[in-house]
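**Q**
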Amino acid sequence: MLRQLSLAVLAAVVLLCGGSAPETSEKEDLPGTPDTSFPLPGDTLDNHIHANVHFDARKSSTFTLLRKASQYLKVQYADRSYLKILTAEDRVHCGPFSVLSRFGVIEHSESREFRACDGILGMGYSDMPRSASFFKTLTSLVRPGWAIHQPPDALTLARKQFAFMANAFEGELQLGGFDANAVVGDMFYTPMHNLSGYGIVVSSISYMGNELLDFTEEHRGAGLLAILDSGSSCMMLPNSTYNGTYKRNPYETFIQAAKQDATGSLELMVGLCSDCQSPDPFAPEEGRGECCRRFEMPPKQWLHPGGCVQAFPDMNVIILGDPFFRSFLVLHDLEPPNYRIGIAPINPLYNMGEAPLFPSSPPFPSSSP
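In this note's numbering, the protein residues as written are 1 to 369.
(1) Which ranges would you report for the alpha helix (DSSP H) in the stretch 104-146 if only whole runs of at least 4 residues count?
(2) Which of helix, strand or coil does DSSP assign to residue 193?
(3) Closest by CA to residue 238, which one among 215, 259, 260 and 230?
(4) In terms of alpha-carbon separation, which member of 87, 126 and 185 lies closest to residue 334?
(5) Going straight from the alpha carbon of residue 58 to that of residue 88, what length do you get?
(6) Quick one: using the 10 Å Cβ neighbour count with 16 as the cut-off for buried, is residue 204 buried or exposed?
(7) Could you check the C-alpha separation between residue 96 and residue 107 for me, to the nearest Å?
(8) Classify residue 155 as buried or exposed, calling it buried when 16 or more other Cβ atoms lie within 10 Å of its own Cβ.
(9) Closest to residue 242 by C-alpha separation, out of 298, 351, 185 and 316, would be which residue?
(10) Does the separation of the CB atoms of residue 305 and residue 263 fall below 8 Å?
(11) In this structure, how does DSSP classify residue 238 when only helix, strand and coil are distinguished?
(12) Going by CA-CA distance only, name the one from 328, 339 and 337 that's closest to residue 348.
(13) For the putative contact between residue 202 and residue 269, defined by C-beta atoms under 8 Å, what is the C-beta separation to the nearest angstrom?
(14) From the DSSP output, in three-state form, read off residue 310 for me.
(15) Skipping 5 residues on each side, what residues in its chain have a beta carbon closer than 6 Å to that of residue 320?
(16) With 16 as the cutoff for other CB atoms within 10 Å, does residue 250 come out buried or exposed?
(17) Between which two residues does the beta strand (DSSP E) holding residue 64 run?
(18) In or out: residue 292 buried (at least 16 other Cβ within 10 Å) or exposed?
(19) In terms of residue numbering, what span does the alpha helix (DSSP H) encompassing residue 333 cover?
(20) Below 8 Å between beta carbons: does that hold for residue 104 and residue 120?
(21) Along the chain, where does the alpha helix (DSSP H) that runs through residue 323 open and close?
(22) Residue 318 and residue 224: beta carbons closer than 8 Å?
(23) Measuring CB to CB, does residue 91 end up less than 8 Å from residue 62?
(24) Keeping to the same chain, check which residues put their C-beta closer than 6 Å to that of residue 307; ignore five residues upstream and five downstream.
(25) Less than 8 Å between the beta carbons of residue 131 and residue 123, yes or no?
Here's what the structure looks like:
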């Protein structure tokens, strides 16, 4: 079986290997956007599993390689990086949880970030029957689409929440809520708008006094979908005016301002300040009625070599990649009926990666009800 992983190590896998990758269709088992298949070179495990950086499948008596028509699956991410992967199944240990789950095994990657990874154990979630989410496996005794049945007495995650944050060297995954010691101030909650991949509304991004989302009069007061994707190394901005949606190209506006002065912070307004008629009824009492909040990302998080900002081609969306998770703890709250995202600045004094592996009490006190 898979060797025991600490929460910090597992979070690093999520960070580097597509934590919130796009979900798949009914026919596919793995996160990403499948578009091309590759023939397998042979029939032995040695030919399928690459460098075995951390996990050696040959040492696992319960590892199963699940092949589909003897072909690889090509997975493409929001930042255009892609992998050749195979579907595998094994028992996975995460803190007090031990579950049988499917995951992706990386055979080849064109992306430097993925070359130190053995596979993908993603936390992306949707209500699709064959959602490739490990998080869904943690919260269910049965995955019918995968023909997986956990033992009746298996421990499952009762509260459908997890939080994630990172720094330049490691990440931390918190299950069942979030550790209040890991953040500064209270948690801001905003509705999740993309049910197949953690999306929020951003109504403003400014840099050194320059509004990047400079909407035309026709679109004034609008917001833009921002995808929270720990599998993307950079922040990504729209690279067009999109038929008059913006007065200026958002990415080019940022580049011109950053060339003049690269010492400023990126300021993001999350939520629609003009739409406070229906505050989140599930938010904590102290957070109720707050429909938008401004968050600041210092240059050390978005500026090379600590981070990067790129143009997002072809689509009018924002990608909030690694730099965002190095600035903020992000809570993913999938308790029905209303899915939501919580955001709070990371406490600089918090010792990331030192969360208890087997806590004796509910591990992560949450300010949510």
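Backbone N, C-alpha and C define an ideal beta-carbon position, used for all residues, glycine too.
The structure presented is a predicted model; accordingly, all values stated were derived computationally and were not measured.
**A** The relevant details are as follows:
(1) Taking only runs of at least 4 residues, the alpha helix (DSSP H) segments lying wholly in the stretch 104-146 are 134-138.
(2) Mapped onto the sequence shown, residue 193 falls at position 193. Looking at residue 193 - three-state DSSP - the assignment turns out to be coil, as it is neither helix nor strand.
(3) As a position in the sequence shown, residue 238 is number 238, starting the count at 1. The shortest C-alpha separation from residue 238 is found at 215.
(4) Residue 334 sits at position 334 when you count from the first residue of the sequence shown. In this structure, 126 is the residue among 87, 126 and 185 with its C-alpha nearest to the C-alpha of residue 334.
(5) The count along the sequence shown starts at 1 and reaches residue 58 at position 58. The count along the sequence shown starts at 1 and reaches residue 88 at position 88. Cα to Cα, residue 58 sits roughly 13 Å from residue 88.
(6) Along the sequence shown, one-based indexing puts residue 204 at 204. Buried: at least 16 other Cβ atoms inside 10 Å.
(7) Locating residue 96 in the sequence shown gives position 96, where the first residue counts as 1. Locating residue 107 in the sequence shown gives position 107, where the first residue counts as 1. Going by the C-alpha atoms only, they are around 29 Å apart.
(8) By 1-based counting over the sequence shown, the position of residue 155 is 155. By the neighbour-count definition (other C-beta atoms within 10 Å, threshold 16), residue 155 is an exposed residue.
(9) Reading the sequence shown from its first residue, position 242 is the one you call residue 242. From the listed residues 298, 351, 185 and 316, the smallest Cα separation to residue 242 is found for 316.
(10) What you label residue 305 is simply residue 305 of the sequence shown in a count that begins at 1. What you label residue 263 is simply residue 263 of the sequence shown in a count that begins at 1. No. Outside cutoff.
(11) In the sequence shown, residue 238 corresponds to position 238, counting from 1. Of the three classes helix, strand and coil, the one that applies to residue 238 here is strand, per DSSP.
(12) Taking the sequence shown and counting its residues from 1, the one referred to as residue 348 is at position 348. Of the listed residues, the one whose Cα sits closest to residue 348 is 328.
(13) Residue mapping note: residue 202 aligns to position 202 of the sequence shown, counting from 1. Residue mapping note: residue 269 aligns to position 269 of the sequence shown, counting from 1. Contact between residue 202 and residue 269 holds: their C-beta atoms lie close to 7 Å from each other, under 8 Å.
(14) Along the sequence shown, read from residue 1 onward, the residue named residue 310 stands at position 310. Residue 310: strand per DSSP, three-state reduction.
(15) To locate residue 320, count along the sequence shown from 1; it is residue 320. The beta carbon of residue 320 lies closer than 6 Å to those of 226 and 228 in the same chain, with the five residues before and after it left out.
(16) As a first step, residue 250 must be located in the sequence shown, where it is residue number 250. Around the CB of residue 250, 16 or more other CB atoms lie within 10 Å, so the residue is classed as buried.
(17) Translated into the one-based positions of the sequence shown, residue 64 becomes position 64. Its beta strand (DSSP E) spans residues 64-66.
(18) For the purposes of this step, residue 292 is identified with residue 292 of the sequence shown, where counting begins at 1. Burial call: buried.
(19) Here residue 333 corresponds to residue number 333 of the sequence shown, with the count starting at 1. Counting along the chain, residue 333 falls outside any alpha helix (DSSP H), though it belongs to the beta strand (DSSP E) covering 328-333.
(20) Looking up residue 104 in the sequence shown gives position 104. Looking up residue 120 in the sequence shown gives position 120. Taking 8 Å as the cut-off, the beta carbon of residue 104 is found closer than this to the beta carbon of residue 120.
(21) Translated into positions along the sequence shown, residue 323 becomes position 323. Where residue 323 is concerned, the enclosing alpha helix (DSSP H) starts and stops at 322-325.
(22) For this step, residue 318 is matched to residue 318 along the sequence shown. For this step, residue 224 is matched to residue 224 along the sequence shown. Closer than 8 Å, so yes.
(23) Counted from its first residue, the sequence shown places residue 91 at position 91. Counted from its first residue, the sequence shown places residue 62 at position 62. Yes, these two residues count as a Cβ contact at 8 Å.
(24) Taking the first residue of the sequence shown as 1, we reach residue 307 at position 307. Taking C-beta separations shorter than 6 Å and ignoring five residues to either side along the sequence, the partners of residue 307 in its chain run 301 and 323, following chain order.
(25) Working through the sequence shown from its first residue, we reach residue 131 at position 131. Working through the sequence shown from its first residue, we reach residue 123 at position 123. Cβ atoms of residue 131 and residue 123: not closer than 8 Å.
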